[in-house]
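Some notes on the structure that comes next.
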Amino acid sequence: MDAATVPPDGTTPAEAPGRRPALLRLVRDPTGAIGTLFVVLIVALALFAPWVTPYAPDEIDVLNRLSAPSPQHWMGTDQLGRDVFTRLVYGSRIALLVSLPAVIAGALVGMLLGLVAGYYGGWVETSLLWLFDVVRSFPALLFAIAIIALVGPSLFMIVFIMALTRFPSYGRLIRAQTLKIREEEFVTASQALGCSAPRVMLRHILPNAVAPLFIQAAMDVPVVITFEAGLSFLGLGVPPPTPSWGSILREGYTYVRATPWMIVFGSGFLVVATLGFTFFAEALRDLFDVKIRNEGSN
Amino acid sequence: MIVYTLRRLLTAAGTVIGAVVLLFVIIRLIPGDPAVVMLGPRASEGMIASMRARMMLDEPVHVQLFAFVANVLRGDLGRDVLNELPIMGMVLEVLPYTIVLAFGSIVLAVLIGVPLGAFAAAYRNSWLDRVTAFVSVAFITVPPFVAGLLLLLLFAVQLRWLPVSGGGTPGDLVSQARHLVLPVLALALTWVGYIARLIRSSVLEEITKDHVRTATSKGLAPGRVLFKHVLRGALIPTIAVLGVGFGNLLGGAVLVEIIFNRPGLGFLILNAIESRNYPVVQGGLVVAVFLYTMANLIADLSYGFVDPRIREA
Chain A
1 MDAATVPPDG TTPAEAPGRR PALLRLVRDP TGAIGTLFVV LIVALALFAP WVTPYAPDEI
61 DVLNRLSAPS PQHWMGTDQL GRDVFTRLVY GSRIALLVSL PAVIAGALVG MLLGLVAGYY
121 GGWVETSLLW LFDVVRSFPA LLFAIAIIAL VGPSLFMIVF IMALTRFPSY GRLIRAQTLK
181 IREEEFVTAS QALGCSAPRV MLRHILPNAV APLFIQAAMD VPVVITFEAG LSFLGLGVPP
241 PTPSWGSILR EGYTYVRATP WMIVFGSGFL VVATLGFTFF AEALRDLFDV KIRNEGSN
Chain B
1001 MIVYTLRRLL TAAGTVIGAV VLLFVIIRLI PGDPAVVMLG PRASEGMIAS MRARMMLDEP
1061 VHVQLFAFVA NVLRGDLGRD VLNELPIMGM VLEVLPYTIV LAFGSIVLAV LIGVPLGAFA
1121 AAYRNSWLDR VTAFVSVAFI TVPPFVAGLL LLLLFAVQLR WLPVSGGGTP GDLVSQARHL
1181 VLPVLALALT WVGYIARLIR SSVLEEITKD HVRTATSKGL APGRVLFKHV LRGALIPTIA
1241 VLGVGFGNLL GGAVLVEIIF NRPGLGFLIL NAIESRNYPV VQGGLVVAVF LYTMANLIAD
1301 LSYGFVDPRI REA
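Residue numbers (my numbering), protein chains in the order written: chain A, 1 to 298; chain B, 1001 to 1313.
Shown next, in the form of structure tokens:
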């Protein structure tokens, strides 16, 4: 980064709100920088897992069971002698494979329902809001446990359930935005010009309402990652032998008296991921929410 | 206030009934005989027949639904598949453990989080504020079950200061309290972080308001202004978040109960899943939803009680 191109405080009002300065500001903020770094790290580990790891994730070494960290096994081995570091790196794939589709699906469904609720109002809005409240009234984890207990654990089910439990928050968010934007003159104008309702909603309202959705989505990624880990910890997540952070913690819990290392390193990976995405999302929010930014800098 | 209370009560009732209907629908949506779905593959012919009769599967769907909702509302959650005990009794037996755990965590989190947030705001940008900000985020991002695992590892397994598992000897308060420490701490940490942050930002907002300036200008001590005038307004968003947070707390409690091998609602539900005792899972879930809705209701009502502007809106 060239120091001369960026003002010392990085947030002067004169700065153009273009794409590049926004990205620069994100990285200049300490929490934003740490967040971005951790997120990039986790994504890179997931993408390049086979090249980063010294072993295969299901390579068994019975002679070296439950061993402490050593030059051969940086983070020790599990009860089957599998390399914990390798399994944790592959676990980041599962974390992202669950969280990204779940958040995207939940955001899409919530977005459409929120648009419809805010645009039409009346009984449509009332019943959709009620639906949001009912779904939110289910403690998400218990709900997931109940369904998975019936249909059996799978990657798809976790994604499906997470999308199902997350969509109401997006719905409420977009509805509130739509309510505000619906009253704007350009919306009235597009209606007067004869635009169909879907066109008004998707072309005119949505682009002006969607920004907070991205921030909410970024905030939801660590929630979903934690959720998957929790389910896998209970043995209701991704079925073995696929390595997931939650199932590695489960094994660490089972063998807690033999070796503390699985819990220590497993928690470490999980916390780096949740901390990274949380910091990233918060930096993003501060960046786009002008009110918060000004308040923070005076 | 009466209209507001009534409206909130109606919404809460609608939510609970909606949730019960949803449970009903889930069982019916799964392919196969709903009675077999409930009982699992090992059920005998006789068990399936009696479950079919109980679920009234020969009647039209709307009759089944009506009977199901009516049963739940009367407090009849059905019977355990294995020992034929009424599920309501089983739930009521373990419920106090979960409530003590959840309530203890909330109280601890408020006791630590509120002063932490208030002082961080009062001494804005001081080292105390920075440390609080860091600790808050750290606490928020460590999920309760991970906190539980780490606490268990450190204080129970390595240092042996506190018991590893169980709910304590019945009747022995000291033993029960010792068994409560780590689970409560594991659940509370996240909320300490949330509450501290929330209180900090709402104190900063409240501090700029006119009534606070008046209180300061009439010569009240800063501490008194902070705790009597600022915090009252700042607590409102916190109460709302606590209500919503109770659901997450219940979810976290399930995992924490499992980790510390502690009796409770989550432990009951998870054991029922492992023994494929689905009616117990369903019953436990209904009670959990009920608890969650009640927490939300109480939060909303106290919200209206603290802030008259809300109940008139």
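All C-beta atoms, glycine included, are put in the ideal place defined by N, C-alpha and C.
List the endpoints of the continuous alpha helix (DSSP H) containing residue i.
i	result
residue 99(A)	84–120
residue 1083(B)	Neither: residue 1083(B) is in no alpha helix (DSSP H) and is coded neither H nor E.
residue 1277(B)	Premise fails: residue 1277(B) is in no alpha helix (DSSP H) and is neither H nor E.
residue 146(A)	140–151
residue 1191(B)	1173–1206
residue 1210(B)	1210–1217
residue 1142(B)	Unbroken run through residue 1142(B): none, as it is neither H nor E.
residue 286(A)	261–288
residue 1068(B)	1061–1073
residue 1106(B)	1087–1122
residue 174(A)	155–182
residue 245(A)	245–254
residue 190(A)	185–192
residue 300(A)	Given a span of 1 to 298 for chain A in the structure shown, any question on residue 300(A) remains unanswerable.
residue 1050(B)	1045–1055
residue 30(A)	30–47
residue 200(A)	Where residue 200(A) is concerned, there is no enclosing alpha helix (DSSP H), given that its DSSP letter is neither H nor E.
Could you pull out every residue in the same chain whose Cβ sits closer than 8 Å to the Cβ of residue i, ignoring the five residues on either side in sequence?
i	result
residue 1226(B)	1118, 1122 and 1203
residue 17(A)	Caution is warranted here: a pLDDT of 48 is assigned to residue 17(A), below 50, making its placement in the model unreliable, and no coordinate value can be reported.
residue 211(A)	288
residue 1237(B)	1198 and 1202
residue 1262(B)	1097, 1101, 1165, 1166, 1167, 1179, 1183 and 1256
residue 255(A)	66, 78, 79 and 262
residue 153(A)	231, 235, 236, 237, 238 and 239
Take residue i and list the residues in its own chain whose beta-carbon comes closer than 7 Å to its own, dropping the five residues that flank it on each side.
i	result
residue 39(A)	276, 277 and 280
residue 3(A)	Interpretation of residue 3(A) is limited by its pLDDT of 41, a score under 50 that renders its predicted location unreliable; the figure taken from the coordinates is listed afterwards. Cβ neighbours of residue 3(A) beyond the five flanking positions: none.
residue 1010(B)	none
residue 1240(B)	1299 and 1303
residue 111(A)	170, 174 and 213
residue 1059(B)	none
residue 1136(B)	1193, 1196 and 1197
residue 1017(B)	1069
residue 151(A)	157
For residue i, which residues of its own chain have a beta-carbon under 6 Å away from its beta-carbon, when the five flanking residues on both sides are left out?
i	result
residue 283(A)	26, 29, 31, 32 and 35
residue 94(A)	238 and 244
residue 46(A)	92, 93 and 96
residue 270(A)	229 and 245
residue 1245(B)	none
residue 250(A)	233
Taking Cβ positions, are residue i and residue j nearer each other than 8 Å?
i	j	result
residue 54(A)	residue 78(A)	no
residue 1152(B)	residue 267(A)	no
residue 134(A)	residue 1015(B)	yes
residue 355(A)	residue 87(A)	Shown here, chain A extends from 1 to 298; a query on residue 355(A) therefore has no answer.
residue 1191(B)	residue 1113(B)	yes
residue 60(A)	residue 1273(B)	no
residue 66(A)	residue 206(A)	no
residue 1279(B)	residue 1140(B)	no
residue 1301(B)	residue 1007(B)	no
residue 1032(B)	residue 140(A)	no
residue 103(A)	residue 221(A)	yes
residue 1020(B)	residue 1030(B)	no
residue 105(A)	residue 163(A)	yes
residue 1094(B)	residue 1268(B)	yes
residue 178(A)	residue 1143(B)	no
residue 1283(B)	residue 1078(B)	yes
residue 1281(B)	residue 1072(B)	no
Mind reading off the beta-carbon distance from residue i to residue j? Whole number of angstroms is fine, and I expect it under 8 Å.
i	j	result
residue 117(A)	residue 128(A)	4 Å
residue 233(A)	residue 1255(B)	7 Å
residue 1035(B)	residue 1048(B)	5 Å
### Message
For the segment 181–197 of chain A, list every residue whose C-beta sits within 7 Å of some C-beta in chain B, in sequence order.
### Response
none
### Task
Determine which residues of the segment 52–66 of chain A have a Cβ less than 8 Å from any Cβ of chain B, and write them out in chain order.
none
### Query
Of the residues that make up the segment 142–161 of chain A, which ones have a beta carbon closer than 7 Å to any beta carbon in chain B?
142, 145, 146, 147, 149, 150 and 151
### Task
Could you name the residues of the segment 255–266 of chain A whose beta carbon sits closer than 7 Å to any beta carbon of chain B, in the order they occur along the chain?
256, 257, 260 and 263
### Query
Between the segment 1146–1179 of chain B and chain A, which residues of the former have a C-beta closer than 8 Å to a C-beta of the latter?
1146, 1149, 1150, 1152, 1153, 1157 and 1158
### Query
What residues in the segment 1278–1292 of chain B have a beta carbon less than 9 Å from any beta carbon of chain A?
1278, 1281, 1282, 1284, 1285, 1288, 1289, 1291 and 1292
### Query
Looking at chain B, which residues of the segment 68–84 of chain A have a Cβ within less than 7 Å of any of its Cβ atoms?
none
### Message
By the 9 Å beta-carbon criterion, what residues does the segment 108–140 of chain A contribute toward chain B?
### Response
130, 131, 133, 134, 135, 136, 137, 138, 139 and 140
### Query
Name the residues in the segment 272–291 of chain A whose C-beta lies less than 7 Å from a C-beta of chain B; which are they?
274, 275 and 278
### Message
Any C-beta of chain A within less than 8 Å: which residues of the segment 1015–1026 of chain B qualify?
### Response
1015, 1016, 1018, 1019, 1022, 1023 and 1026
### Query
Which residues, in chain order, does the segment 1115–1136 of chain B contribute to contact with chain A at a C-beta distance below 8 Å?
none
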